[in-house]
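**Student:**
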Amino acid sequence: MKFAVIGHPIDHSLSPHMHHANFKSLNLDYGYEALNIPPAHFEHIRDIISDKALDGFNVTIPHKERIIEYLDEMSDEARAIGAVNTVKIENGKWIGYNTDGTGFVKGLQAKYGDLTDAHILILGAGGASKGIAYALSQVTDKPISVANRSMSRFKDWQLDIQSYSLQDVASIAHQFDIIINTTPVGMHQSQESVMSFEQLKPDVLVCDIIYIPFQTAFLKEAAEKECATYNGLDMFIYQGAESFKIWTGLDSDIMTMRNAVIKKLNPTTT
């Protein structure tokens, strides 16, 4: 079987490395490559994928929403989120899924435990935020809160959430057990932070879906306030494992995938 990840740019993607490690561990002679597809060329996506004879592919920035018009079917989750990161090709049909939210929640449950009674705040209202909010809504009895700079971003949300402006976060932060940053703030070694940590509960878990750098400025500041922290590495791994299961019906070797990514991020790791 052959798979790929499509995006632009895509050279930085660790997905091929992670999936190849999983294939090797499971003794599967499968392939996985990264395909750089500029937005200007996206109208040819059907031909590009057909030429590669793929059985499925992942979708990353900036194509997670645009891919929808090329699909034959979508899962209920992907439709509710309005974004797709996994496509299965079955008998010529393209079926879209979203494993980002499920991937994050599986990792979060492993870190935090039962989420049924957790009060959760998500920072940012983009595609990743939608996916995580949807997946969390399946495992918690509490309403999900989402804060964003622009309130107009919530117009296309079909999920039942409590929406806030990021400017108001400082006054409500003390209410939450888990705070999740889904904004790009903190990427590429940026020292910018997205909120103040002055009013947090002492046992709050502060999360960031970014894992490069391994500790963003957001998580570093949280750690300095003695908060527990959690980055996006497990989300990346579990979303890949969920994609693999959709394509093949098989479970992944999570530990091997995780070790492969960590070693790639830090080649001195043994």
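In the UniProt record's numbering, the protein residues as written are 1 to 270. Backbone N, C-alpha and C define an ideal beta-carbon position, used for all residues, glycine too.
#1: Counting beta carbon pairs with one atom in the stretch 170-177 and one in the stretch 201-217, are three or more of them shorter than 8 Å?
#2: Helix or strand or just coil, what does DSSP make of Ser165?
#3: Check Tyr30 in the structure and name its three-state DSSP category.
#4: Does the distance from the C-beta atom of Phe3 to that of Phe57 stay below 7 Å?
#5: For Asp208, which three-state DSSP category applies?
#6: Starting from Trp157, trace the alpha helix (DSSP H) in both directions and tell me its first and last residue.
#7: Do you know offhand how far Thr270's Cα is from Asp160's?
#8: Taking 7 Å as the limit between beta carbons, can you name the residues of its chain near Arg66, skipping five residues before and five after?
#9: Compute the Euclidean distance between the alpha carbons of Ile120 and Asp11, then round it to the nearest angstrom.
#10: Assign Asp208 to one of two classes, buried (16 or more other C-beta atoms within 10 Å of its C-beta) or exposed (fewer than that).
#11: I need the straight-line Cα distance from Val169 to Ala147, nearest angstrom please.
#12: For a test of the three-state rule: what should DSSP assign to Asn22, helix, strand or coil?
#13: Could you have a look at Gly7 and say whether DSSP puts it in helix, strand or coil?
#14: Give the straight-line distance between the Cα atoms of Ile106 and Asp234, rounded to the nearest whole angstrom.
#15: Helix, strand or coil for Ala83? Go by DSSP, reduced to three states.
#16: Where does the unbroken beta strand (DSSP E) through Thr248 begin, and where does it stop?
#17: What is the C-beta distance between Lys64 and Ala83, in whole angstroms, given that I count them as a contact (C-beta under 8 Å)?
#18: With Ser25 and Asp251 assumed to form a contact (beta carbons below 8 Å), what rounded beta-carbon distance in angstroms separates them?
#19: Which residue marks the beginning of the beta strand (DSSP E) containing Phe57, and which one marks its end?
#20: DSSP has Ser145 in a bridge; who is on the other side?
#21: Using DSSP with H/G/I as helix, E/B as strand and the rest coil, what is Thr116?
#22: How many angstroms separate the CA atom of Asn98 from the CA atom of Ala21?
**Tutor:** Here's the rundown:
#1: yes
#2: Along the sequence shown, read from residue 1 onward, the residue named residue 165 stands at position 165. Of the three classes helix, strand and coil, the one that applies to Ser165 here is strand, per DSSP.
#3: Start at 1 with the first residue of the sequence shown, and residue 30 comes out as number 30. Correct three-state label for Tyr30: coil.
#4: Here residue 3 refers to the residue found at position 3 of the sequence shown. Here residue 57 refers to the residue found at position 57 of the sequence shown. Yes, these two residues count as a Cβ contact at 7 Å.
#5: Mapped onto the sequence shown, residue 208 falls at position 208. Strand at Asp208.
#6: Here residue 157 corresponds to residue number 157 of the sequence shown, with the count starting at 1. First-last for Trp157: undefined, no H or E at that position.
#7: For the purposes of this step, residue 270 is taken as the residue at position 270 of the sequence shown. For the purposes of this step, residue 160 is taken as the residue at position 160 of the sequence shown. For Thr270, the predicted model reports a pLDDT of 43, less than 50, meaning its position is unreliable and no value from the coordinates is stated.
#8: Sequence index remark: in the sequence shown, residue 66 carries index 66 (1-based). Excluding residues within five positions, the ones whose Cβ falls inside 7 Å are Phe42.
#9: What you label residue 120 is simply residue 120 of the sequence shown in a count that begins at 1. What you label residue 11 is simply residue 11 of the sequence shown in a count that begins at 1. Spanning the two alpha carbons is a distance of roughly 34 Å.
#10: Walking along the sequence shown from the start, residue 208 turns up at place 208. Asp208 should be labelled buried.
#11: If you number the sequence shown from 1, residue 169 lands on position 169. If you number the sequence shown from 1, residue 147 lands on position 147. Approximately 7 Å between the Cα atoms of the pair.
#12: Against the sequence shown, residue 22 aligns to sequence position 22. Residue state, collapsed to three classes: helix.
#13: Here residue 7 is taken as the residue at index 7 of the sequence shown, counted from 1. Here Gly7 sits in strand by DSSP.
#14: One-based indexing of the sequence shown puts residue 106 at position 106. One-based indexing of the sequence shown puts residue 234 at position 234. The sequence given here places Lys at residue 106; Ile does not occur at that position. Cα to Cα, the separation comes out at about 8 Å.
#15: Within the sequence shown, the letter at position 83 stands for residue 83. Three-state result, Ala83: coil.
#16: The residue labelled residue 248 in the question sits at position 248 within the sequence shown. No beta strand (DSSP E) holds Thr248; the alpha helix (DSSP H) holding it covers 233-248.
#17: Locating residue 64 in the sequence shown gives position 64, where the first residue counts as 1. Locating residue 83 in the sequence shown gives position 83, where the first residue counts as 1. The pair is a contact, with the Cβ atoms about 4 Å apart (cut-off 8 Å).
#18: Numbered from its first residue, the sequence shown carries residue 25 at position 25. Numbered from its first residue, the sequence shown carries residue 251 at position 251. In fact, because the Cβ distance is near 11 Å, the residues do not count as touching under 8 Å.
#19: Mapped onto the sequence shown, residue 57 falls at position 57. Unbroken beta strand (DSSP E) run through Phe57: 56-59.
#20: Here residue 145 refers to the residue found at position 145 when the sequence shown is read from its first residue. Bridge partners of Ser145: Leu121, Gln162.
#21: Here residue 116 corresponds to residue number 116 of the sequence shown, with the count starting at 1. In the structure shown, Thr116 sits in coil (DSSP, three-state: anything other than H, G, I, E or B).
#22: Position 98 of the sequence shown holds residue 98. Position 21 of the sequence shown holds residue 21. Distance between the alpha carbons of Asn98 and Ala21 is about 22 Å.
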